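In our numbering, the protein residues as written are 14 to 155.
Ideal placement from N, C-alpha and C gives every residue a C-beta, glycine not left out.
Given the structure is predicted, the values throughout are model-derived calculations rather than measurements.
What follows is the structure in structure tokens.
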């Protein structure tokens, strides 16, 4: 049996050391827009949300973070990071939980910036490849 729990900002410090390596797994392919410390601070400040996926033995299977984005035309729940094990065992339950929570937050849709491999995996859950983000590091410091 798999469970998912949203962690209240006041409880972040109680679980962060157990979650940090999973956050890094979910963040290590980024272009370093945010550090793990930035994610921690955003979760503490309620600008992002921390979710833990765990099994019946209370072993962590995955950790993810979300952020509610208010675009000019609609509110969106973005999956920011996702790192874990045995994704096929919990993807459907986690997405259903996140989508239900997002609707409760008056979000109109979900989005995630992800690696290419997730496109095929999430397609089965109704997610569409809407656009691709390419990145390049510049040598000039601003």
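- Approximately 6 Å separates the beta-carbon atoms of residue 52 and residue 36; this is inside 8 Å, confirming the contact.
- Unbroken beta strand (DSSP E) stretches of 3 residues or longer found wholly inside the region 36 to 80: 62 to 68, given in chain order.
- CA-to-CA, the gap between residue 70 and residue 103 works out to about 15 Å.
- Remark: C-beta atoms of residue 75 and residue 95 approach each other more closely than 8 Å.
- Residue pairing from DSSP places residue 83 in a beta bridge opposite 88.
- Residue 138 and residue 105 do touch by the CB rule: their CB atoms are close to 7 Å apart, below 8 Å.
- Residue 90 is not a Cβ neighbour of residue 78, given a cutoff of 8 Å.
- With 16 or more other Cβ atoms inside 10 Å of its own Cβ, residue 97 counts as buried.
- Of all alpha-carbon atoms in 18, 17, 22, 50, the one lying nearest the alpha-carbon of residue 33 is that of 50.
- Within the same chain, and ignoring the five residues on either side of residue 142 in sequence, the residues whose Cβ sits closer than 7 Å to its Cβ are 132.
- Annotation for residue 104: the continuous alpha helix (DSSP H) segment containing it runs 100 to 117.
- DSSP places residue 139 in no alpha helix (DSSP H); its state is neither H nor E.
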